[in-house]
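Q: Handing you a structure now.
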Amino acid sequence: MFNIPVNGIQQQMDRLENGGVLVSSLVGKTRLYQFNPRYPFLKELKSLIQKAMDFLSENELNKYYRKRTRPRKKGKAL
Amino acid sequence: MKIEWNKVGIKEFAAIISSHLKKNDIEVVLVGGACVSIYSNNKYLSHDIDLITDTPIREVSQVLKDLDFVNIGSRLFENPKCRFIIDFPAPPVSIGDTPIRKFNSLKTRLGTIQLLTPTDCVKDRLAAYYFWNDQQSLDQAIMVAKHNKVNLSEVKEWSKKYDGLEKYEVFIKKHSID
Numbered sequence: 002m003f004n005i006p007v008n009g010i011q012q013q014m015d016r017l018e019n020g021g022v023l024v025s026s027l028v029g030k031t032r033l034y035q036f037n038p039r040y041p042f043l044k045e046l047k048s049l050i051q052k053a054m055d056f057l058s059e060n061e062l063n064k065y066y067r068k069r070t071r072p073r074k075k076g077k078a079l
Numbered sequence: 767m768k769i770e771w772n773k774v775g776i777k778e779f780a781a782i783i784s785s786h787l788k789k790n791d792i793e794v795v796l797v798g799g800a801c802v803s804i805y806s807n808n809k810y811l812s813h814d815i816d817l818i819t820d821t822p823i824r825e826v827s828q829v830l831k832d833l834d835f836v837n838i839g840s841r842l843f844e845n846p847k848c849r850f851i852i853d854f855p856a857p858p859v860s861i862g863d864t865p866i867r868k869f870n871s872l873k874t875r876l877g878t879i880q881l882l883t884p885t886d887c888v889k890d891r892l893a894a895y896y897f898w899n900d901q902q903s904l905d906q907a908i909m910v911a912k913h914n915k916v917n918l919s920e921v922k923e924w925s926k927k928y929d930g931l932e933k934y935e936v937f938i939k940k941h942s943i944d
């Protein structure tokens with residue numbers, strides 16, 4: 002999605018999990034990550050991310066954060 | 767003293783590791799499932815101990831080598847002769863966004879363990895039940911509350927903060943039935 006190698010992202014996910022920021026679980030063969038609700042600075046971290054999102058250009062927003070996330074029936078074109 | 771790793775129980779294990787680290791000026795607090803094992807007299811048996819420390823992992827790693835525990839990555843340590851694994855979750859000790867500063871101290875013949883109080887242990891388990899609807903964690907919270915003195919009004923107040931009142935009532939109901 003971001004045009005960068007997947008292992009770079011995996012390494013960062015590992016670091017964030019070891020640091021207690023994320024938690025993960027295995028669903029089938031896919032490892033799903035989410036924010037760790039027990040992370041003591043979660044509220045502040047989310048505010049910081051939101052603030053950073055507010056500063057993204059329209060171009061970056063459209064490119065990375067405006068993908069369809071609602072369900073789509075199998076077989077229909079995206 | 768020669769330790770027979772395959773024979774030690776989880777409480778003794780936590781005591782041996784905590785004391786060895788303490789001898790080397792590394793303070794740790796036991797959290798997680800091992801606290802449940804200790805407070806429920808092994809009704810629930812954890813397979814690892816979660817220790818929180820402010821000391822960098824590379825220093826912990828050096829000290830644990832004395833006991834033949836090696837870092838296998840992701841802040842986990844194992845000794846092939848021992849059935850328990852040691853995990854060092856990232857500090858600080860907290861339950862949700864609340865820092866924990868008051869701990870329980872448990873003396874054993876093999877050393878002293880610093881661990882969550884029974885009330886904080888119940889909150890810690892309930893947090894997993896509130897966040898992920900984890901029924902095992904609910905059962906563990908009940909086990910701890912049944913075998914120990916737990917400040918239930920404190921747990922109730924804490925539950926409000928995490929929108930957990932509805933689930934707190936389930937905990938209380940099951941706690942009084944079981």
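These protein sequences, in sequence, are chains Z and V.
The opening residue of the first sequence carries number 2 in my numbering; numbering runs sequentially from there.
The opening residue of the second sequence carries number 767 in my numbering; numbering runs sequentially from there.
Cβ atoms here follow ideal geometry from the backbone N, Cα and C, with glycine treated the same way.
Keep in mind that this is a model prediction, so the values were computed, not measured.
1. Who are the neighbours of A907(V) on chain Z, taking C-beta pairs under 7 angstroms?
2. Within this structure, are the beta carbons of M14(Z) and L23(Z) separated by less than 9 angstroms?
3. May I ask which residues mark the beginning and end of the beta strand (DSSP E) holding G775(V)?
4. Going by Cα to Cα distance, which pick from L876(V), D791(V), I908(V) and F779(V) is closest to K847(V)?
5. Can you pull the chain Z neighbours of F897(V), defined as C-beta to C-beta under 8 angstroms?
6. Specify whether the region 50 to 69 of chain Z and the region 815 to 828 of chain V touch according to this definition: at least 3 beta carbon pairs, one from each stretch, less than 8 angstroms apart.
7. Which complete beta strand (DSSP E) runs does the region 861 to 933 of chain V hold, if anything under 3 residues is left out?
8. Note down, in chain order, every chain V residue with its Cβ under 9 angstroms from the Cβ of V43(Z).
9. Can we count I5(Z) as close to the ligand ADP, meaning its CB is less than 8 angstroms from some heavy atom?
10. Expressed to the nearest angstrom, what Euclidean distance is found between the alpha-carbon atoms of L46(Z) and E923(V)?
11. Provide the residue span of the alpha helix (DSSP H) that contains S26(Z), from first to last.
12. Straight-line CA distance for K68(Z) to Q35(Z)?
13. Going by DSSP, name the residue or residues bridged to V795(V).
14. Any beta-carbon of chain Z closer than 9 angstroms to the one on R841(V)?
15. Is it true that the region 774 to 790 of chain V meets the region 802 to 821 of chain V, where meeting means three or more beta-carbon pairs spaced less than 8 angstroms apart?
16. In chain V, what lies closer than 7 angstroms to N19(Z) by C-beta?
17. In chain order, what residues of the same chain have a beta carbon less than 7 angstroms from the beta carbon of H913(V), not counting five sequence neighbours either side?
18. State whether the region 791 to 801 of chain V contacts the region 882 to 892 of chain V, with contact taken as three or more CB pairs (one from each stretch) at a distance under 8 angstroms.
19. Going along the chain, which residues of the region 865 to 893 of chain V sit with their C-beta nearer than 8 angstroms to a C-beta in chain A?
20. Given Q51(Z), which residues of its chain have a CB within under 6 angstroms of its CB, disregarding the five upstream and five downstream residues?
21. If you draw a straight line from the C-alpha of F56(Z) to the C-alpha of V921(V), how long is it?
22. Under 9 angstroms between the Cβ atoms of V916(V) and T874(V)?
23. Keeping to the same chain, check which residues put their C-beta closer than 7 angstroms to that of D791(V); ignore five residues upstream and five downstream.
24. May I have a chain-ordered list of the alpha helix (DSSP H) segments no shorter than 4 residues that lie completely inside the region 4 to 55 of chain Z?
25. If you measure from the beta carbon of D15(Z) to each beta carbon in chain V, is any gap under 9 angstroms?
26. Hey, quick one: how far does the beta strand (DSSP E) through V836(V) stretch, first residue to last?
27. So L984(V) packs on Y895(V), CB below 8 angstroms; how close in whole Å?
28. Candidates I908(V), L796(V), V836(V) and Y928(V): which alpha carbon is nearest P857(V)'s?
A: Quick answer:
1. Among the residues of chain Z, none has a CB under 7 angstroms from the CB of A907(V); the nearest is roughly 15 angstroms distant.
2. M14(Z) places its beta carbon less than 9 angstroms from that of L23(Z).
3. For G775(V), no beta strand (DSSP E) segment is defined, and its DSSP state is neither H nor E.
4. Among L876(V), D791(V), I908(V) and F779(V), the Cα nearest to that of K847(V) belongs to F779(V).
5. The answer, in chain order, is P38 and R39.
6. Put simply, the region 50 to 69 of chain Z does not touch the region 815 to 828 of chain V. Fewer than three CB pairs are less than 8 angstroms apart.
7. Runs of the beta strand (DSSP E) spanning 3 or more residues and lying entirely within the region 861 to 933 of chain V occur at 870 to 874 and 877 to 881, in chain order.
8. One point to set straight first is that residue 43(Z) is Leu, not Val, in the sequence displayed. Result: G862 and D863.
9. Absence of the ligand ADP is noted for the structure shown, with no ligands found whatsoever.
10. L46(Z) and E923(V) have their C-alpha atoms some 25 angstroms from each other.
11. Here S26(Z) belongs to no alpha helix (DSSP H); instead the beta strand (DSSP E) covers L23 to V28.
12. Rounded to whole angstroms, K68(Z) to Q35(Z) spans 19 angstroms at the Cα level.
13. DSSP lists I818(V) as partners of V795(V).
14. When Cβ-Cβ separations below 9 angstroms define contact, R841(V) makes contact with chain Z.
15. Yes: at least three Cβ pairs fall under 8 angstroms.
16. Simply S840, R841 and A856.
17. Sequence-distant Cβ neighbours of H913(V) in its own chain, meaning closer than 7 angstroms and more than five residues away, are Y805, S806 and N807.
18. As far as the Cβ criterion goes, the region 791 to 801 of chain V touches the region 882 to 892 of chain V, which means the pair count is three or higher.
19. In the structure shown, chain A does not exist; the protein chains are Z and V.
20. Taken in chain order, the list of residues that qualify is empty.
21. Taking the straight line from one Cα to the other gives about 40 angstroms.
22. V916(V) places its beta carbon 9 angstroms or farther from that of T874(V).
23. Exclusion of the five residues before and after D791(V) leaves no residue of its chain whose Cβ lies closer than 7 angstroms to its Cβ.
24. Taken in chain order, the complete alpha helix (DSSP H) segments of 4 residues or longer contained in the region 4 to 55 of chain Z are 7 to 19 and 43 to 55.
25. Closer than 9 angstroms: yes.
26. For V836(V), the enclosing beta strand (DSSP E) begins and ends at V836 to G839.
27. The structure shown does not extend to residue 984(V), since chain V is modelled only from 767 to 944, so the question has no answer here.
28. Residue L796(V) is the option with its Cα nearest to P857(V).
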